[in-house]
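Undergrad: Protein chains in written order, with my numbering: chain A, 86 to 262; chain B, 32 to 395; chain C, 61 to 225; chain D, 11 to 353.
The C-beta atom is built at its ideal place from N, Cα and C for all residues, glycine as well.
First the structure, which I've put down as structure tokens, then a few questions once you've had a look.
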């Protein structure tokens, strides 16, 4: 891990091995990370088939509101988690990029479904082969569409990834990314 | 004082455009002056892709067109290929296909009533409708393993047989569904706010509907009796006893009534199909590499959203020369501008929901 | 069983009426698999469409299909063709009109006859580059305005010419 | 016996702290209650992973929002954009000072009364302050300089102003009976009358309750922040702590409205059946508890209505108030006055 060049699309702090947390702010780190982990408000934007499975995950049986994620915020300003659910076409790519930029800062991206991960079953002129070409992605959930259990597994992985992160380092030195 | 209306953009990302549809609206303090839908944000170039795939490879891609009613797309495409190649599907296969297609219609209408109620504000109906839909998706998952993009109808027949235990499970699920549908109707039918938001909104006359090419529930809500399962029966629909629900005003409320009644009719058809399931094998022998002599065919079926058609032109190889999909949502969306002129801005959301459009099918 | 009138035998009556009204317009007729496809010349297309809708009762235009037979079309046929799939609800008859087309001279638009032709023609223009005269707003429907080329042409690569993003 | 330092220093300070903490505590409980009850009505589970049964969920939300980036739109009007959440929150919290939470308790020779300030026009003050929060909504919507918040702001202007009138009229009937605008007097008058105004003036209670829902932009009347139409209504452009202010102020406004209903129509801290011998033991329970129980009931009603009703359309909302609620309130006022003098 340390030898490799830092992958350009990952967030600097999150992918580093859990180096020693800042001594003084260790407890603050844990507390803020706990709060960010437990109140991830997803951004209600569905592109294609995966959006229907995302809604099914939010519905009665696979209820993501157990993890505190049930407030699907319609405006990017108030959302922390951008679930790219569906095919990102070339016409939609600038819109997805602008939506990501409008989100307030500690934000995470989950690429849901093969289309968002790598273009899926559409090697055509109109489809962007993977959303990580335009926005940095934290968790890739494969499947076409991924079952609600698959998406939940991806979200829980993201939660553990946030738990390992060091929000205070980011707040004190905002451009550490 | 210079009059200047607000040019509003219900952009490609909006909670109630059911996907990536953009509406360019010109509104004068909440009254819609003009509306122009912009599509293409989900155009994946399906038809170009299909020209480089064999017939059997295309079938799973048709799931991704109208992803809420995947089995209907399969049925439409597969019937066109069989008509082209002159394949004969054994009766058991046809009956299983009818049962699957009607279950898919049930799931699609349940998803629709959930989204429509959520757009108009009744959040809980979305949860109840989706809970009922989960039960239907469980049947698909048990039958073929997939929930949404089911790929459960193949060329020549169906991939797996209905064993008696599975038939009993379908019937048990169907016994539980009328109660949920009844609950949704109790919540919405006589609800004064619901009636105020839907009665007389987005009205379209019978003649206009036919001229606009409207099909499916929006057309039947204007009183025009046009259901492909009844008019040009396919896959042995003529053996089943069901009636086509009609209404007369052609507004959002009537489309809601038509779809709720269609759910009951679908359950009735599934029960008949299961009761009279003929014996024999469930799929015809299809050669591994299916080469079809040059010909062209246009086959339509009654999908939950309307009349779904496939035009296929073959050129003797195992890949089609041209496949064109006639999408009901594509044509129904055209009439949105006409229906919503003069209505309020919040009605546009209701009318758009009542057309039950799916962007995967519009943009192909 | 509910009321299902028997389907009328063959299409002779429609073809006879068409031949009577427009002598020499019908170039070829092909009936296969229960469907009938009539090839007409582009000259009097607009009146033929109006005639079929007004007098023959073809109230609905189900679909318009664009065809590209490739840069080197087989003998006797041009490169592009446009098919009109029309439907008569009275006795549930389906008819397919096919017209030869090319980029040079645009076909008359069918929007005046059936309103559902509006977006169908825009899609054919977007995918094939065939123009329609008299169309209220002929512009691309799916792709961006500045997309170069028309994807559904046979000589357009699947992965796109500009290599995409 | 009580040194002046404590009587005039510490206790008022403690009261002021209480006035800040009490609504915040109620808001925290409300957020948890709403998410669990709506989930329960919808057949879901609701937050249960964060702390015991999701109790810590509101804290996690608050802390997360605290550390969110605070985006101000370049073209937004900076001053108004920043002032509006404060305006909304400040006016609601200030209104809580005048709400009597219980009867005054005797501590030796010092009477500790459970309200921060008591003024002969307490009711007027509370109504006035609660309508100041409308300014916050309007400035916020207009200052974010984008179309959806602007429409949300315009809608809330018309809605709240037109629902002030039925509120005013129905409150008039209560004042007419209690012959004073001082909230504590209103409760004492209800104690003397032996029956709560809610049962004596049922029409006023209903009209007041419906207008209170409309004034807090809740449930069937939540047009200014209609997710399905206006994306997120007037607080579309707000993020981080400013959005948290709007979010909490809405709940605080709900608590304020339901406590007003409880005080005016259901006898603030009075035990339910004062003169029935069998229920005398209910009197032993301190007034503050009764007050909370009644408020929780009305807050539960808020959430219940939100989970069941679809949203009104804008014109039907206005038609409802001008064609139904205002005439009804007016006729009811005349009837009450006439009855009062004829009996």
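#1: Quick check: what's the CA-CA separation for residue 221/D versus residue 241/D?
#2: Residue 209/A touches chain B at which residues, Cβ-Cβ below 7 Å?
#3: In terms of alpha-carbon separation, which member of 194/B, 216/B, 348/B, 326/B lies closest to residue 87/B?
#4: Kindly identify the DSSP beta-bridge partner or partners of residue 203/D.
#5: Pull the bridge partners of residue 186/C from the DSSP assignment, please.
#6: In angstroms, rounded to a whole number, what distance separates the CA positions of residue 121/C and residue 92/C?
#7: Kindly list the residues whose CB is nearer than 6 Å to the CB of residue 123/A, restricted to its own chain and excluding five residues on each side of it in sequence; keep chain order.
#8: Closer than 8 Å by C-beta to residue 372/B: which residues in its own chain qualify, once you throw out the five before and the five after it? Chain order, please.
#9: Check distances from the C-beta atoms of the stretch 124 to 142 of chain A to those of chain G and list, in chain order, the residues that come in under 8 Å.
#10: Compare the C-beta of residue 145/A with all C-beta atoms of chain D and state if any pair is closer than 7 Å.
#11: Please confirm whether residue 246/D has its beta-carbon closer than 7 Å to some beta-carbon of chain A.
#12: Assign residue 98/B to buried or exposed, taking buried as 16 or more other Cβ atoms, counted over all protein chains shown, within 10 Å of its Cβ.
#13: In three-state DSSP terms, what is residue 23/D?
#14: For residue 290/B, which residues from the same chain have a beta carbon less than 8 Å from its beta carbon, with the 5 sequence-adjacent residues on both sides left out?
#15: Would the stretch 75 to 86 of chain C and the stretch 377 to 384 of chain B be scored as touching if the rule is three or more Cβ pairs under 8 Å?
#16: When we look at the beta-carbon of residue 210/C and count the other beta-carbons within 10 Å, is it buried (16 or more) or exposed?
#17: Kindly indicate which three-state DSSP category residue 209/A falls into: helix, strand or coil?
#18: Along the alpha helix (DSSP H) that carries residue 224/D, what are the first and last residues, could you check?
#19: Give the secondary structure of residue 3/C by DSSP, where H, G and I count as helix, E and B as strand, and everything else as coil.
#20: Just by C-beta distance, which residues in the stretch 143 to 177 of chain B are closer than 9 Å to chain D?
#21: Would you call the CB atoms of residue 336/B and residue 309/B closer than 7 Å?
#22: What span of residues does the beta strand (DSSP E) with residue 115/D cover, start to end?
#23: When you compare the stretch 193 to 205 of chain C with the stretch 191 to 209 of chain A, are there three or more beta-carbon pairs, one atom per stretch, that lie closer than 8 Å?
#24: Count the other C-beta atoms from every protein chain shown that fall within 10 angstroms of the C-beta of residue 221/C, then say buried if there are 16 or more, exposed otherwise.
#25: Once you ignore the five residues that flank residue 67/C on each side, which residues in its own chain have a CB closer than 6 Å to its CB?
#26: Taking residue 349/B as the query, report the chain C residues whose CB atoms sit under 9 Å from its CB, ordered along the chain.
#27: For chain B, is any of its Cβ atoms less than 7 Å away from the one on residue 175/C?
#28: Within the continuous alpha helix (DSSP H) that includes residue 40/B, where are the two ends?
#29: In whole angstroms, what separates the C-alpha of residue 174/C from that of residue 70/D?
#30: Looking only at its chain, what residues have a beta carbon closer than 8 Å to the beta carbon of residue 49/B, apart from the 5 residues adjacent to it on each side?
#31: From what residue to what residue does the beta strand (DSSP E) around residue 166/A run?
#32: Give the list of continuous alpha helix (DSSP H) stretches no shorter than 4 residues that lie fully inside the stretch 75 to 140 of chain C.
#33: Name the one or two DSSP bridge partners that residue 67/B has.
#34: In terms of residue numbering, what span does the beta strand (DSSP E) encompassing residue 287/B cover?
#35: Let me make sure I understand the geometry here. Which of 275/B, 75/B, 192/B has the alpha-carbon closest to that of residue 174/A?
#36: Where does residue 314/B fall in DSSP's three states?
TA: Looking at the coordinates:
#1: Here residue 221/D corresponds to residue number 211 of the fourth chain, with the count starting at 1. Here residue 241/D corresponds to residue number 231 of the fourth chain, with the count starting at 1. In a straight line, the C-alpha of residue 221/D is about 24 Å away from that of residue 241/D.
#2: Locating residue 209/A in the first chain gives position 124, where the first residue counts as 1. The contacting residues are 75, 76, 79, 80.
#3: Numbered from its first residue, the second chain carries residue 87/B at position 56. The candidate whose alpha carbon is nearest that of residue 87/B is 348/B.
#4: Within the fourth chain, residue 203/D is the residue found at index 193, counting from 1. Paired residue(s): none; residue 203/D is not in a bridge.
#5: Translated into the one-based positions of the third chain, residue 186/C becomes position 126. None, per the DSSP bridge assignment.
#6: To locate residue 121/C, count along the third chain from 1; it is residue 61. To locate residue 92/C, count along the third chain from 1; it is residue 32. Near 21 Å, if we compare the C-alpha coordinates of residue 92/C and residue 121/C.
#7: For the purposes of this step, residue 123/A is taken as residue 38 along the first chain, with counting starting at 1. Hits under 6 Å: 153.
#8: Start at 1 with the first residue of the second chain, and residue 372/B comes out as number 341. Within the same chain, residue 372/B has close Cβ partners 63, 64, 65, 66.
#9: In the displayed structure, chain G is absent; the protein chains listed are A, B, C and D.
#10: Here residue 145/A refers to the residue found at position 60 when the first chain is read from its first residue. Yes, its Cβ sits closer than 7 Å to a Cβ of chain D.
#11: Numbered from its first residue, the fourth chain carries residue 246/D at position 236. Answer yes: the Cβ-Cβ gap between residue 246/D and chain A drops below 7 Å somewhere.
#12: Mapped onto the second chain, residue 98/B falls at position 67. Residue 98/B comes out buried.
#13: For this step, residue 23/D is matched to residue 13 along the fourth chain. In the structure shown, residue 23/D sits in a helix (DSSP, three-state: H, G or I).
#14: As a working note, residue 290/B is residue 259 in the second chain. Closer than 8 Å at Cβ, skipping near neighbours: 140, 143, 144, 248, 387.
#15: no
#16: By 1-based counting over the third chain, the position of residue 210/C is 150. Buried, since its Cβ has 16 or more Cβ neighbours within 10 Å.
#17: As a working mapping, residue 209/A is identified with position 124 in the first chain. Reduced to three states, the DSSP call for residue 209/A is coil.
#18: The residue you call residue 224/D lines up with position 214 of the fourth chain. Its alpha helix (DSSP H) spans residues 212 to 225.
#19: Any answer about residue 3/C is impossible in this case: the structure gives chain C only from 61 up to 225.
#20: 148, 149, 150, 151, 152, 153, 154, 155, 156, 157, 158, 159, 162
#21: Translated into positions along the second chain, residue 336/B becomes position 305. Translated into positions along the second chain, residue 309/B becomes position 278. It is not a contact, given that the beta carbons lie outside the stated cut-off.
#22: Walking along the fourth chain from the start, residue 115/D turns up at place 105. Here the beta strand (DSSP E) through residue 115/D covers 115 to 117.
#23: no
#24: As a first step, residue 221/C is located in the third chain; it is residue number 161 there, counting from the start. By the 10 Å Cβ count, residue 221/C comes out exposed.
#25: In the third chain, the residue the question calls residue 67/C occupies position 7. The predicted model places residue 67/C with a pLDDT of 43, which falls under 50 and marks its position as unreliable, so this point remains unresolved.
#26: The residue you call residue 349/B lines up with position 318 of the second chain. Residues of chain C passing the Cβ test: none, with the nearest at roughly 17 Å.
#27: Walking along the third chain from the start, residue 175/C turns up at place 115. So yes, residue 175/C belongs to the interface.
#28: Translated into the one-based positions of the second chain, residue 40/B becomes position 9. It is not in any alpha helix (DSSP H) - residue 40/B instead sits in the beta strand (DSSP E) that spans 37 to 41.
#29: Taking the third chain and counting its residues from 1, one reaches residue 174/C at position 114. Taking the fourth chain and counting its residues from 1, one reaches residue 70/D at position 60. Cα-Cα distance, rounded: 58 Å.
#30: Here residue 49/B is taken as the residue at index 18 of the second chain, counted from 1. Counting only Cβ-Cβ distances below 8 Å, and skipping sequence neighbours, we find 146, 383, 384, 388, 389, 390.
#31: For this step, residue 166/A is matched to residue 81 along the first chain. 166 to 170 is the span of the beta strand (DSSP E), which, as asked, contains residue 166/A.
#32: 105 to 114
#33: Here residue 67/B corresponds to residue number 36 of the second chain, with the count starting at 1. According to DSSP, which records beta bridges pairwise, residue 67/B is partnered with 55/B.
#34: By one-based count along the second chain, residue 287/B stands at place 256. From DSSP, residue 287/B is part of no beta strand (DSSP E) but of the alpha helix (DSSP H) over 283 to 306.
#35: On the first chain, residue 174/A is found 89 positions in, with the first residue counted as 1. The shortest Cα separation from residue 174/A among 275/B, 75/B, 192/B belongs to 75/B.
#36: By one-based count along the second chain, residue 314/B stands at place 283. Residue state, collapsed to three classes: strand.
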